[in-house]
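The sequence shown runs 118 to 809 under my numbering. This report concerns only the one structure given below.
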Amino acid sequence: MKEASSVCLSSSCIYTASEVIRALDETQDPCNDFYEFACGGWIRNNPIPEGKSTWGIFSNIELQNQLTIRYALEKVNTTDNTDAEAKARIYYDACIDTNETIEKLGEKPLVNIIKKLGGWHILPSTMIKQPKFDLQKLLQDVQNSYNLGGLFNWAVTEDDRNSSKHVIVLDQGGLNLPTRDNYLNKTAHKKVLDAYLDYMTRVCVLLGANKTEARSQMSKVIQFETELANITTPSEERRDEEGLYNPYTIRQWQKEAPFLNWTMFFNDAFKLVNRTIPDTERIVVYAPEYFRNLTKVIRRYSKTEDDQKTLTSYMMWQVSRSLSTYLSKSFRDATKILRKALFGSEGTEESWRYCVTDTNNAIGFAVGAMFVREVFHGEAKTQGEIMIDNIRNAFKRNLKNLDWMDSETREAAETKADAITDMIGFPDYILHKDELNKQYEELQVKPNEYFDNNIAFNVFSLKNDLKKLDQPVNKTKWGMTPSTVNAYYTPTKNQIVFPAGILQLPFYDGDNPKCVNYGAMGVVMGHELTHAFDDQGREYDRFGNLNKWWNNATIARFKKRAECIQKQYSDYSVDGQHLNGKQTLGENIADNGGLKASFHAYLDYSSSKDTAVNLTLPGLKYNHRQLFFISFAQVWCSAMTKESTKMQIEKDDHTVAKYRVIGPISNLKEFSEEFHCPIGSKMNPKHKCEVW
């Protein structure tokens, strides 16, 4: 029986078809390199723009979203729907700085803060009195008065073992370059370390320091950060969530890391919300070994006055690095030195784009309300729900084919898949005036005070964080703003979230053929769903608690299959540098499971009796199933500078774009059936890896 399919000729389909055709490179053999076949044309036609280090289909949507937000924020003579939106506008205007307040103030706002923190010896004007070195006080002031980092990270977050409650969590932190490798692999990263020192020195000089003294002091800070890098565990060794979870009372913890008085430290923070922290308070530490070693490092650095000065300089640099971006243009320009070395591009962008991003980071749900009113259509939410259900059903049906699972774990996995909740588009409350205003009512922003508005936002965020300690976890709270072009899964909530920002072309368009929507958006949905069952997500049960719900033999078989994926990706290389299959394991499992679940869901949809016709696109010789794979691949069309690629391989837990396409399709037999790839061709290897 010949399957019914006809060509879609709506304006949406004609537009999508032209985009697909422009991106393809049909001189390439899809069985040899499907990524080049699907994206070669796009890469040729889209050189990386000046000032960018990476450019892809994602970047295009982000630019569009920024334009939409700019339009909403800059509307003149508009009455704001809410106080929150008015605050977003004030914040944005202060950032744009048409009357040049930021330029006139120069370095003063930051110098004043350094004074308040007790002064920095390389800036003599800030040394009002010679205080005795007191790391405890300095850390408390930096972390708890300004919500800036230093030495370690801490937060109030969901308790992994009891995910309806919050707990204080401590973790390693305190490095200012992206990875520990930047410090430890000195030959490979010489360019970065040199640029980092130049950047640090430049900022200090702009603040008023003597260049020679600043350079010598900053070299010592880099040496100190290198010591921190030495005791930092690499991310690939931190994938076992069970192993990371180490509960203590503060009294017990005091013995493990005596370089601070912890009860005093936490009480200093929580006075913001009038909560006292007894030494019986339970905390969770993700990196106890780091803190034990940190105690030794701090002891060593507390002995001589010179070393104490280095510690002070390290903390003052944390403050200066974080806050100097809110100062005049010369400070913002200083970061170009480092960005060029790290990413291969200075990262310049128009100031309005910078301000849109910054406003979205600070008051993102008010900005989200504006964004949603401009562009989001309700049908995407309804259609999205239907797609997620179809993909979930396909995922569950496939569990029966997995011979490595015992029946009990399989049943529990089905139950967990059913329990996954989803949120699409935006949280409803942002369109309700009173609720949105309530969210930002304690945030005070003032016209023309960009620097102070940022400080106010830092304190506002810290306060909100601390308040959570005695509150139950809100399982419907969003962690991404509505205009974000991304999606996520939260293991402690067993929940997937798809913001409005991603529910648009090329990921989704209600008028496009279903094969295109399932290939692009459907795979993203399948990817997030599979995260519930990747090497980390599988450690959480259906309620979002860290809990061993698998039988041991099944765990062993899972690990064996995961090892296959790990090895497959570690064998891939870009520019002579091998990928890190261990660091990217969770994302690769999700990529593979997501493609399969979405393709199977699409097959179920396309062969169901209610589907009269499977539409294809005009001007293309591919059937609807082939178009599914092409639209999946084209989401990842992108180009990166050499430096950015190196950075992604070293730091990111996502694989580089090319192998996010090639990895999953070469493991899926249906792909090779559709494109008639002979066994043994690059896209159809004899030995395939399969977890889900």
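Quick reminder that beta carbons are idealized off the backbone N, C-alpha and C, glycines included.
In this chain, Tyr443 is not harboured by any alpha helix (DSSP H), its DSSP state being neither H nor E. Distance check between Gln425 and each of Phe482, Glu558, Lys337 and Leu440 places Lys337 closest, using alpha-carbon atoms only. If only uninterrupted alpha helix (DSSP H) runs of at least 4 residues are considered, those enclosed by the region 297 to 333 are 298 to 301 and 307 to 324. With contacts defined by Cβ atoms closer than 8 Å, Glu353 and Asn697 form a contacting pair. For Lys803, the three-state secondary structure derived from DSSP is coil.
Asp523 and Val640 have their C-alpha atoms spaced approximately 27 Å apart. Distance between Glu344 and Leu292, taken at the CA atoms: about 10 Å. Proximity of the region 306 to 326 to the region 617 to 632 falls short of the contact definition, fewer than three beta-carbon pairs being nearer than 8 Å.
Within its own chain, the residues whose Cβ lies closer than 8 Å to the Cβ of Asn327, once the five positions on either side in sequence are excluded, are Ile239, listed in chain order. Judged by DSSP secondary structure, Lys282 falls within the beta strand (DSSP E) whose first and last residues are Asn279 to Gln289.
With contacts defined as CB atoms closer than 8 Å, Pro735 and Ala140 fail to qualify as a contacting pair.
Of the candidates Thr195, Lys786 and Asp276, the residue whose Cα lies closest to the Cα of Asn591 is Asp276. Taking a C-beta distance under 8 Å as the contact criterion, Trp237 and Ile231 qualify as a contact pair. Assignment of alpha helix (DSSP H) within the region 560 to 641, counting only whole runs of 4 or more residues, yields 567 to 584 and 631 to 634 in chain order. Inclusion of Thr452 and Thr442 in the CB contact set at 8 Å is warranted, their separation being smaller than that value. Note that the region 472 to 489 touches the region 186 to 205; at least 3 beta-carbon pairs, one per stretch, sit closer than 8 Å.
The beta carbon of Gln257 sits closer than 7 Å to those of Phe382 and Asp385, all from its chain and outside the five residues before and after it, given in chain order. Following the DSSP letters along the chain, one finds Met540 inside the beta strand (DSSP E) bounded by residues Thr538 to Gly542. If you check the CB distance, Leu583 and Val273 come in under 8 Å. Trp159 sits in a helix when the DSSP states are folded into three classes. DSSP places Phe383 in the uninterrupted alpha helix (DSSP H) bounded by Trp379 to Phe387. With contacts defined as CB atoms closer than 8 Å, Met432 and Val259 qualify as a contacting pair. Between the beta-carbon of Asn570 and that of Val576 there is about 11 Å, and that puts the pair past the 8 Å contact cut. Sequence-distant partners of Thr397 (beyond 5 residues in either direction) whose C-beta falls short of 8 Å from its own C-beta, in its chain, are Thr366, Ile367 and Arg368. Taking the Cα positions, Ile508 is about 44 Å away from Tyr300.
Between the alpha carbons of Tyr722 and Arg659 lies a distance of about 27 Å.
Using a Cβ distance threshold of 8 Å, Leu310 and Arg332 do not count as a contacting pair.
Beta-bridge analysis with DSSP links Trp753 to no other residue. Rounded to whole angstroms, the separation of the alpha carbons of Gln289 and Asp769 is 18 Å.
When C-beta atoms of the region 670 to 685 are compared with those of the region 607 to 617, fewer than three pairs fall below 8 Å, so the two segments do not count as touching. Annotated three-state conformation of Ile796 is coil, per DSSP. Annotation for Thr274: the continuous beta strand (DSSP E) segment containing it runs Phe269 to Asp276. In this structure, Arg678 sits near Val808, with a CB-CB distance shorter than 8 Å. DSSP places His644 in the helix class (H, G or I) of the three-state scheme. Annotation for Thr185: the continuous alpha helix (DSSP H) segment containing it runs Ile174 to Leu190.
Cβ atoms of Leu737 and Ile138 come within 8 Å of each other, at about 7 Å.
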